[in-house]
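Right, one structure below, let's go through it.
Residue numbers (my numbering): 12 to 331.
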């Protein structure tokens with residue numbers, strides 16, 4: 012193959028839940044459909060836009076052509092769920108949401124779905140891989156943290172995910188419960204708005220005075236913000252030990268993670284000096300949108316970040 016062509020060999024013997032074979036035609040159908048989904052609430056087109064043409068060689072071989080060399084294509088395609096071409100040219104989003112078009116190749120197939128309540132699954136005995144232990148699985152949607160934990164302890168559910176951090180210590184000590192933990196891929200971070208070259212409408216001087224330029228465009232200010240965050244305290248007191256300090260965007264074990272990158276130090280004195288060097292010896296004040304993190308610890312996290320900011324001379328105000 013040339014540098015702009017990827018040839019993919021598909022596993023043979025894989026069948027859809029409706030009994031049809033999984034083939035290269037399904038891959039081509041899926042990639043072609045992704046950018047054409049009408050009113051998509053969250054388009055996956057970013058993961059397929061590098062593909063400019065598909066070529067079906069045989070039932071289990073497909074070639075994907077890109078406009079230029081694009082080494083990330085195999086990683087991008089892991090984000091795209093394959094669909095059977097038998098769904099037709101314009102399957103509706105509503106048909107996927109209702110479960111009608113929930114046709115996959117996995118170890119379980121969907122038998123019923125009640126939005127906001129539960130999904131009923133049955134073992135797919137035609138699955139190509141190792142057969143799962145349970146013949147039937149009922150997945151309940153319990154968004155409330157307290158209700159989810161209570162359901163587990165009462166025996167209403169066999170296990171749960173998204174264990175509330177406030178309950179981790181209690182569950183770890185409960186002999187009725189086995190707690191499984193691993194590092195997740197989720198990253199909680201502050202997005203710094205550098206879109207304004209001049210005055211930023213949400214950033215002022217320490218007494219509310221208008222600043223002529225956006226402080227966030229100065230590397231020293233951004234470094235000061237980072238050094239002023241006590242990551243260890245957030246892990247211990249906000250996440251109650253159910254997290255690890257982050258020093259980069261990619262989690263350990265993910266392709267591209269730098270294993271030997273040194274941790275970002277918590278250094279209030281250095282942060283204050285950097286702000287002074289950047290022309291803000293008395294610090295600054297800013298508003299941060301508070302809806303960027305949808306999790307139960309958001310309020311406590313913001314309070315901790317505000318405390319860190321004030322210690323280093325930055326006065327954050329959170330917008331609900």
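Don't be surprised by glycine CBs; every beta carbon is placed ideally from N, CA and C. The structure presented is a predicted model; accordingly, all values stated were derived computationally and were not measured.
List the residues that DSSP assigns as beta-bridge partners of residue 124.
DSSP lists 130 as partners of residue 124.
What do you get for residue 33, buried or exposed, if any count of 16 or more other CB atoms within 10 angstroms of its CB means buried?
Counting Cβ neighbours within 10 Å, residue 33 comes out buried, since at least 16 surround it.
If you follow the beta strand (DSSP E) that residue 69 is part of, which residue opens it and which one closes it?
Looking at the DSSP string, the run of the beta strand (DSSP E) that includes residue 69 is 62 to 69.
On the premise that residue 277 lies in contact with residue 218, defined as a C-beta separation below 8 Å, what is that separation, rounded to the nearest angstrom?
Contact flag wrong, Cβ pair sits at about 27 Å.
Using only alpha-carbon positions, find the residue among 166, 36, 213 and 129 that is nearest to residue 187.
With distances taken between Cα atoms, residue 187 lies closest to 166.
Counting only the same chain and skipping the five closest in sequence on each side, list residues whose C-beta sits under 7 Å from that of residue 42.
So the qualifying residues of the chain are 59, 62 and 65.
Would you kindly work out how many angstroms separate the C-alpha atoms of residue 28 and residue 196, rounded to a whole number?
So the alpha carbons of these two residues sit roughly 29 Å apart.
Please classify residue 116: does DSSP put it in a helix, a strand, or coil?
Coil, per DSSP.
What three-state label does DSSP hand residue 200 in the structure shown?
Coil.
For residue 237, count neighbouring C-beta atoms within 10 Å of its own C-beta (all shown protein chains included) and say buried if the count is 16 or more, exposed if not.
Buried, by the Cβ-count rule.
Excluding five sequence neighbours on each side, which residues of the same chain lie with their C-beta closer than 8 Å to the C-beta of residue 38?
Same-chain partners within the cutoff: 19, 21, 65, 73 and 93.
Apart from the five residues just before and just after residue 55, which ones in its own chain have a Cβ nearer than 7 Å to its Cβ?
Closer than 7 Å at the Cβ level, and outside the excluded window around residue 55, lie 45, 90 and 91.
Which of helix, strand or coil does DSSP assign to residue 91?
Residue 91: coil per DSSP, three-state reduction.
Give the single residue among 232, 68 and 80 whose Cα lies nearest to the Cα of residue 13.
It is 80 whose Cα lies nearest to the Cα of residue 13.
Just list the residues that DSSP pairs residue 149 with in beta bridges.
In the DSSP output, where bridge partners are listed per residue, residue 149 has 131.
Excluding sequence positions up to five away, which residues of its chain have a Cβ less than 7 Å from the Cβ of residue 221?
If we look at residue 221 and ignore the five residues flanking it on each side, its Cβ neighbours are 210 and 215.
Let me make sure I understand the geometry here. Which of 115, 283, 142 and 246 has the alpha-carbon closest to that of residue 315?
Checked all of 115, 283, 142 and 246; the closest Cα to residue 315 is 246.
Suppose the cutoff is 7 Å on Cβ atoms and the five residues either side in sequence are ignored; what does the same chain contact list for residue 302 look like?
For residue 302, the pLDDT reaches just 48, beneath the cut-off of 50, and the residue's location in the model is therefore unreliable, although a value from the coordinates is still provided. Correct list: empty, nothing qualifies.
What would DSSP say about residue 385, mapped onto helix, strand or coil?
The shown model of the chain, from 12 to 331, leaves out residue 385, and the question about it has no answer.
State the Cα-Cα distance for the pair residue 269 and residue 177, rounded to the nearest angstrom.
Whole-angstrom Cα-Cα distance: 31 Å.
Compare the C-beta of residue 144 with all C-beta atoms of chain D and state if any pair is closer than 8 Å.
Of the protein chains in this structure there is only one, and it is not chain D.
Return the bridge partner residues of residue 16 from the DSSP annotation.
DSSP lists 76 as partners of residue 16.
Whole angstroms are fine: how far does the CA of residue 82 sit from the CA of residue 76?
Near 12 Å, if we compare the C-alpha coordinates of residue 82 and residue 76.
Within a Cβ cutoff of 8 Å, which residues of the same chain sit near residue 128, ignoring the five residues on either side of it in sequence?
If we look at residue 128 and ignore the five residues flanking it on each side, its Cβ neighbours are 151 and 152.
With a cut-off of 8 Å on the beta carbons, I'd call residue 179 and residue 253 a contact; round off their distance for me.
5 Å between Cβ atoms; contact.
Rounded to whole angstroms, what is the Cα-Cα separation between residue 289 and residue 312?
Their Cα atoms are separated by approximately 27 Å.
With DSSP collapsed to three states, give me the class of residue 215.
Strand at residue 215.
Under a three-way DSSP split, which group does residue 186 fall into?
The answer is coil: DSSP assigns residue 186 none of H, G, I, E or B.
Helix, strand or coil for residue 38 per DSSP?
DSSP places residue 38 in helix when its eight states are reduced to three.
Restricting to Cα atoms, I'd like to know which of 264, 229, 122 and 117 is closest to residue 333.
There is simply no residue 333 to check, as the chain begins at 12 and stops at 331 in what is shown.
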